[in-house]
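In what follows, a single structure is set out as structure tokens and then discussed.
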Amino acid sequence: MSKDLVTNDLAALVVLAAGQGTRMRSATPKVLHSVLGLPLIDHVLSAAAPTNPNSTLVVVGHQREQVEAHVTSKYSHAQAVVQDQQNGTGHAVSVALENLPDTTVGSVLVVAGDTPLLTTTDIAELISSSTGAAAAVLTAHLGNADGYGRIVRSANGDVEKIVEHRDASDAELAITEVNSGVYCFDLALLRSALSQLGTNNSQGEMYLTDVIEILRRDGQAIHAHVTSAENILGVNDRKQLAQVGKILRHRILDKWMLAGVTIQDPESTWIESTVCIDEDVTLLPNVRLTGETSVQSGAVIGPDCSLENTRVLENATVIKSTTNGAVIGENATVGPYAYLRPGTVLGTGAKAGGFVEIKNAQLGDGAKVPHLSYVGDAVIGEGSNIGAATIFVNYDGITKHQTIVGKHVRIGSDTMLVAPVTIGDGAYTAAGSVITEDVPAGAMGVGRARQRNILDWVLRRRPGSDSAKAAVAD
Ligand code: UD1
Ligand code: CA
Numbered sequence: 162m163s164k165d166l167v168t169n170d171l172a173a174l175v176v177l178a179a180g181q182g183t184r185m186r187s188a189t190p191k192v193l194h195s196v197l198g199l200p201l202i203d204h205v206l207s208a209a210a211p212t213n214p215n216s217t218l219v220v221v222g223h224q225r226e227q228v229e230a231h232v233t234s235k236y237s238h239a240q241a242v243v244q245d246q247q248n249g250t251g252h253a254v255s256v257a258l259e260n261l262p263d264t265t266v267g268s269v270l271v272v273a274g275d276t277p278l279l280t281t282t283d284i285a286e287l288i289s290s291s292t293g294a295a296a297a298v299l300t301a302h303l304g305n306a307d308g309y310g311r312i313v314r315s316a317n318g319d320v321e322k323i324v325e326h327r328d329a330s331d332a333e334l335a336i337t338e339v340n341s342g343v344y345c346f347d348l349a350l351l352r353s354a355l356s357q358l359g360t361n362n363s364q365g366e367m368y369l370t371d372v373i374e375i376l377r378r379d380g381q382a383i384h385a386h387v388t389s390a391e392n393i394l395g396v397n398d399r400k401q402l403a404q405v406g407k408i409l410r411h412r413i414l415d416k417w418m419l420a421g422v423t424i425q426d427p428e429s430t431w432i433e434s435t436v437c438i439d440e441d442v443t444l445l446p447n448v449r450l451t452g453e454t455s456v457q458s459g460a461v462i463g464p465d466c467s468l469e470n471t472r473v474l475e476n477a478t479v480i481k482s483t484t485n486g487a488v489i490g491e492n493a494t495v496g497p498y499a500y501l502r503p504g505t506v507l508g509t510g511a512k513a514g515g516f517v518e519i520k521n522a523q524l525g526d527g528a529k530v531p532h533l534s535y536v537g538d539a540v541i542g543e544g545s546n547i548g549a550a551t552i553f554v555n556y557d558g559i560t561k562h563q564t565i566v567g568k569h570v571r572i573g574s575d576t577m578l579v580a581p582v583t584i585g586d587g588a589y590t591a592a593g594s595v596i597t598e599d600v601p602a603g604a605m606g607v608g609r610a611r612q613r614n615i616l617d618w619v620l621r622r623r624p625g626s627d628s629a630k631a632a633v634a635d
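Note that the sequence shown ends on residue 635 in the numbering used here; no numbers are left out.
Okay, here's the thing in structure tokens:
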């Protein structure tokens, strides 16, 4: 994809997103449904971003508060334009253009908010094919063209008009070349054609597609750029959402494999569009990397991992684990069956082992929590070891409290560290202790009842039992 596409005369990008999206059957506006971690409209905006338009106008209508809030908070350069009544795509574009000064000249790129597979290359090629024409339209040949507008060409191949499916004759329905809904227009000519649009069609709407015929009648040239059927797929229902998701998923996997990432089983691997992966990372089967996750070189993830907003540093390994908002240090090891929650930071060579849950806690370099523990709201110094089944008792039912464990500490198995509490550098705790008071550096903290043995208890209280027999046998 050409990422450095800059056109000096792209006056505006118009994104159509005011429609109802009825077939999604959803309380969420269609263009805010996500594929591979990004709402549909974000895919479109990012494909078009390298065109560097002077203004970006997003036409909103149905559920406009949600769409507007999303778009304007995430894209500071975008402006939401309200189309109160959805009187058709031609009406939507003319409402958008009212926000450009009359003196503006140049080209206008129009895209629909529900075509997330559109590529920057498609857009760049469409824009260059518009040279010398009043309009260029992006088209594709579809096996099943149902629902799409058909591209009607003259005998010599010139684009004559676009006929909507519902308004098409039998001969026109046989045409396989369809309108993608993406166009590049000359602004002045588009304005003049829009002012002539009628509503004489099966839906009684102002069709943007009719602009093509109007321009032709005025003797203007119309160009078409043909792309692959896949790239123009629109999302109208949740089946199409999944279909588009599958295509996008494989595009992303192919990109990372070509960039040097080993993906053992692409069929079971999900990588969202927002993820970053270095060369020589290995992803084993059944791995999901989502949100702002990044993975550095040499790391091995999987099998069976789900990493959300997680940073994995060089040569770390993560096995059968779930993480969210964690940083996994260089050479650190995680899992199997670890659960790392937001605020977890593992230092270099640190370990979060089997059945370990960690939240809002930092483990220093080489610190280890190997087995069956909960660590919440803690700082653990370098080289310390947390014995099996230790619990950081961070919650008193009202507030969360912090535990500080110094360097090279040895916490005995099954210790309860009742926060707030501090264990000094080099200190130990005895297995099974409930530690409610600070343990000074170098001390052994013992917080448990002293053991006593009641001799011959079994012989007296369980006479004749297998245990009693075992106890007296030599
Ligand atoms: C449109 C095209 C059709 C093309 C198809 C490609 C028209 C008349 N038809 O049909 O030729 O093959 O896209 O997917 O343009 N919208 C508004 N305001 C409105 C109406 C629609 O903003 O008043 C937005 C919708 O939210 C959507 C886009 O415009 O993002 C396209 O509208 P939609 O109703 O989906 O058009 P199609 O019937 O798919
Ligand atoms: Ca559509």
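Note that CB positions come from ideal geometry on N, CA and C, so glycine has one too.
(request) Please check the pair L414 and I438, which I expect to be a contact at CB under 8 Å, by giving their CB distance rounded to whole angstroms. (result) Not confirmed; about 11 Å, so no contact.
(request) Return the CA-CA distance between N305 and Y368, expressed in angstroms with no decimal places. (result) 22 Å
(request) Confirm the yes/no value for this check: CB of A539, any heavy atom of ligand 1, distance under 7 Å. (result) no
(message) Quick test of your reading: A172 and L261, contact by CB under 8 Å. State the CB separation rounded to the nearest angstrom.
(response) Indeed, because the Cβ distance is near 7 Å, the residues count as touching under 8 Å.
(message) Buried or exposed, going by whether 16 or more other CB atoms sit within 10 Å of the CB of H653?
(response) Residue 653 lies beyond the residue range present for the chain, which begins at 162 and ends at 635; the question has no answer from this structure.
(message) Shorter than 7 Å, the distance from the beta carbon of A178 to the closest heavy atom of ligand 1, or not?
(response) yes
(message) For ligand 1, is there any heavy atom lying closer than 7 Å to the beta carbon of G310?
(response) yes
(message) Using only CA atoms, which one of V530, N521 and Q364 lies nearest to D538?
(response) Checked all of V530, N521 and Q364; the closest Cα to D538 is N521.
(request) State yes or no: is the C-beta of H326 within less than 8 Å of the C-beta of G342? (result) no
(request) Taking the CB atoms as reference points, tell me whether V118 and V243 lie closer together than 8 Å. (result) Nothing in the structure corresponds to residue 118, since the chain is present only between 162 and 635.
(message) Need the endpoints of the alpha helix (DSSP H) that I373 sits in, please.
(response) D371 to R378
(request) Determine the contact status of L334 and L376, defining contact as a CB-CB distance below 8 Å. (result) no
(request) Could you tell me if I615 is buried or exposed, where buried requires 16 or more neighbouring beta carbons within 10 angstroms of its beta carbon? (result) Classification for I615: exposed.
(request) Check the Cβ-Cβ distances between G267 and every residue of chain C, and say whether any is below 8 Å. (result) Absence of chain C from the displayed structure is noted, only one protein chain being present.
(request) Compute the Euclidean distance between the alpha carbons of R502 and D319, then round it to the nearest angstrom. (result) Their Cα atoms are separated by approximately 59 Å.
(message) Once the 5 residues before and after Q523 are set aside, which same chain residues still bring their CB inside 6 Å of it?
(response) V506 and V540
(request) Classify E229 as buried or exposed, calling it buried when 16 or more other Cβ atoms lie within 10 Å of its own Cβ. (result) buried
(request) Please go through the same chain and pick out, in chain order, the residues whose beta-carbon is closer than 8 Å to the beta-carbon of L620, but skip the five residues on each side of it. (result) A629, A632 and V633
(message) Comparing C-alpha positions only, which one of S207, D203, S216 and N213 sits nearest to H231?
(response) D203
(request) Could you check which residue in Y344, T282 and G180 has the C-alpha nearest to that of I312? (result) Y344
(request) Express the C-alpha separation of Q364 and Q357 in angstroms, rounding to a whole number. (result) Cα atoms of Q357 and Q364: separation of roughly 18 Å, rounded to the nearest angstrom.
(request) Could you check what DSSP says for Q240 in three-state terms: helix, strand or coil? (result) strand
(request) Using the Cα positions of T451 and L174, report the straight-line distance between them to the nearest angstrom. (result) 29 Å
(message) Using the three-state DSSP reduction, which class does S289 fall into: helix, strand or coil?
(response) helix
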